[in-house]
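In the working numbering, the protein residues as written are 43 to 474.
Don't be surprised by glycine CBs; every beta carbon is placed ideally from N, CA and C.
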Amino acid sequence: MDRIAIVGGARLNGEIQISGAKNSAIKLMVASLLTDEPLRLTNMPRLADTRFLGHLLTRLGTLVDERQGETGSETVLHTPEIVSSFAPYDLVRQMRASFNVLGPLIARTGHAKVSLPGGCAIGGRPVDLHLQALEALGAKIELHEGYVYATAPGGLKGAEIEFPFVSVGATEHAMLAAVLAKGVTVLKTAACEPEIVDLAECLNKMGAKVEGAGTPTITITGVDKLHGTTHAVITDRIEAGTYAVAAAMAGGEVRLTNTRADLIEALLQKIEEAGAGVERTNDGVIIRRNGARLKAVDVETGVYPGFPTDLQAQFMALMTLADGESVIRETIFENRFMHAPELARLGADITVSGTEARVRGVEKLEGAQVMATDLRASVGLVIAGLVASGETVVGRVYHLDRGFERLEEKLGACGADVRRIKGDASIPEMDG
Ligand code: UD1
């Protein structure tokens, strides 16, 4: 297993180009199952998760061509026919978002057998809302031996679906199924995340009729057939936010490009409140900090446009050195403070109680060996390592590789001392 070693102390100066969003790319890849024509996705991040999903889609009948296009990495996905409607446990368990093939498989073939994903490090993460939405659309669902057996011999039918609370995955899954259903589907209490808007835009370019994405009510008028198109994956707001926090932590001046400040406004306001400089630009944002200690600020995660749960670990790392006490509340996932004890190994002073963490800023952090527990937590540890004295070694880097493209290279180009220590190639269980 690879590890990442960081020698703290360097300021960050330079430019970081933000990649396409992992969380969008994987749903867009799944959308390719809905048509027998090629779907070309540009601005594609090259990540363990996208590679992994590529393997699953290949088994289902998709020809996956990863290539370098004129504007950067792109992937062309072409599914002339679905050769299998079966997604086995080993593949779904390793990446939860694989579960989202269920809806498109039912929509295109009328049946599917897909493994339930199981839990993961940050909580139980059930898929009940996904299944309820598919049932409302007319799928018959049975659960046996850890598998979802779904059929819809007469095809899916439009329905009104009101989610009891916001779920990004269930909203996307319902959209992916409803675009080929007969009649009109209305999704209420839908997620408003930018990745939902991106998915809707791509589906509409494929011939779907999706209206209202980005608001809590999405209306989908089913069509008989979708066609191929070209679509650029939306910028990765979580990657952008991560490097914004890294710059605020290490000090210096970092320009983030190929991204959008408006997508991380909740974070930028907190960074400004804490005392770092933020300049919103046409193609991203510049973060500046010159020496002065940051102030502790409180944060509560929420659905978009609230503070993203996927930036909570990074912000907690930032607060470990701030002046005063910061209260961080996690409202989306039940068990998402596993990075707190790892940050404590670096000298942070954090008390966790239920969904709340109190971070009392300390004067300095000291490098140590720490372990990544999930994707976003791992990058929080790297951020802390940027300022810890001496060397911090982050283990279980496969978590990081799932969601951050060329992290060492991007931080290294800004002056950070970050290197990868190669380990054996076995790929352990993933989550998230
Ligand atoms: C997606 C993102 C993840 C992000 C999260 C919240 C992807 C691949 N992942 O995850 O990075 O942290 O949104 O912004 O896009 N829930 C249920 N039943 C369900 C579905 C969800 O109880 O059927 C619960 C979850 O356990 C969680 C909450 O709802 O507590 C929100 O989860 P959801 O928005 O669905 O997150 P994901 O789509 O899994």
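Given that a residue counts as buried once 16 or more other Cβ atoms are within 10 Å of its Cβ, and exposed if not, what is Q311? exposed
Ends of the alpha helix (DSSP H) at S66? 64-73
To the nearest angstrom, report how far apart T373 and R418 are at their CA atoms. 16 Å
What does Q59 pair with, by DSSP beta-bridge criteria? T299
Contact check, V210 vs T263, beta carbons under 8 Å: no
At the level of alpha carbons, what is the spacing between G457 and A289? 11 Å
Using the rule of at least 16 other Cβ atoms within 10 Å of the residue's Cβ for burial, across every protein chain shown, is K452 buried or exposed? buried
One question on the structure: do G145 and H215 come within less than 8 Å of each other, judged by their Cβ atoms? yes
Assigned exposure category for M472 - 16 Cβ within 10 Å defines buried: With a pLDDT of only 46 at M472, under 50, the local geometry of the prediction cannot be trusted, and no value is derived from it.
Any idea what DSSP makes of R462, helix, strand or coil? strand
What residues in its chain sit with their C-beta under 8 Å from that of K337, if we drop five residues either side in the sequence? E315, A316, G317, A364, D365, G366
Which first and last residues belong to the beta strand (DSSP E) in which A414 is found? First-last for A414: undefined, no H or E at that position.
Quick check on this structure: which residue in R150, I238, N55, Q59 has the alpha carbon closest to the alpha carbon of G197? R150
CB of A70 to nearest heavy atom of the ligand UD1: below 7 Å? Residue identity differs from the one stated: residue 70 is Leu in this sequence, not Ala. The answer is no for L70.
By a C-beta neighbour count over all protein chains shown, 10 Å radius and 16 as the cutoff for buried, is E253 buried or exposed? exposed
Enumerate, from N- to C-terminal direction, the unbroken beta strand (DSSP E) stretches of 3 or more residues contained entirely within the segment 85-149. 105-111, 114-120
Tell me, please, which residues DSSP counts as bridged to Y189. S157, H186
Given S66, which residues of its chain have a CB within under 6 Å of its CB, disregarding the five upstream and five downstream residues? E237, D240, V275, I276
If we call anything under 8 Å between Cβ atoms a contact, is L30 one with S420? Any property of residue 30 remains undetermined from this structure, which presents the chain solely from 43 to 474.
Apply the 10 Å Cβ neighbour rule to K64 and answer buried if 16 or more other Cβ atoms are within range, or exposed otherwise. buried
Near G344, which residues of its chain fall below 7 Å by C-beta distance, leaving aside the five closest residues on each side in sequence? T373
Do A414 and R378 have their C-beta atoms closer together than 8 Å? no
Under 8 Å by Cβ, that's how I've got L70 and C234 pegged, so tell me the actual separation to the nearest angstrom. In fact, because the Cβ distance is near 18 Å, the residues do not count as touching under 8 Å.
In whole angstroms, give me the CA-to-CA distance for P122 and M248. 15 Å
Where does the unbroken beta strand (DSSP E) through D391 begin, and where does it stop? 391-395
Cβ of S140 within 8 Å of Cβ of L147? no
Whose C-beta lies closer than 7 Å to the C-beta of I469 among residues of the same chain, with five residues either side of it excluded? Because I469 sits at a pLDDT of 47, beneath the cut-off of 50, its placement in the model cannot be relied upon, and the point is left open.
To the nearest angstrom, how far is it from the Cα of P130 to the Cα of P168? 18 Å
Sheet register partners of G319 (DSSP bridge): R330
Could I get the ranges of all uninterrupted alpha helix (DSSP H) runs contained in the segment 358-404, with 4 residues as the minimum, in chain order? 381-387
Cβ-Cβ separation, E408 to G389 (assumed contact under 8 Å), whole Å: 5 Å
Could you check which residue in F207, L98, Q411, L119 has the C-alpha nearest to that of L76? L119
Let me know the secondary structure DSSP gives I276 once reduced to three states. coil
State the CB to CB distance for the pair F94 and M43, rounded to an integer number of angstroms; the pair is presumed to be in contact (CB under 8 Å). So it is not a contact: roughly 17 Å between Cβ atoms.
Spatially closest choice to L89 from E447, M358, G465, D459, by CA coordinates: E447
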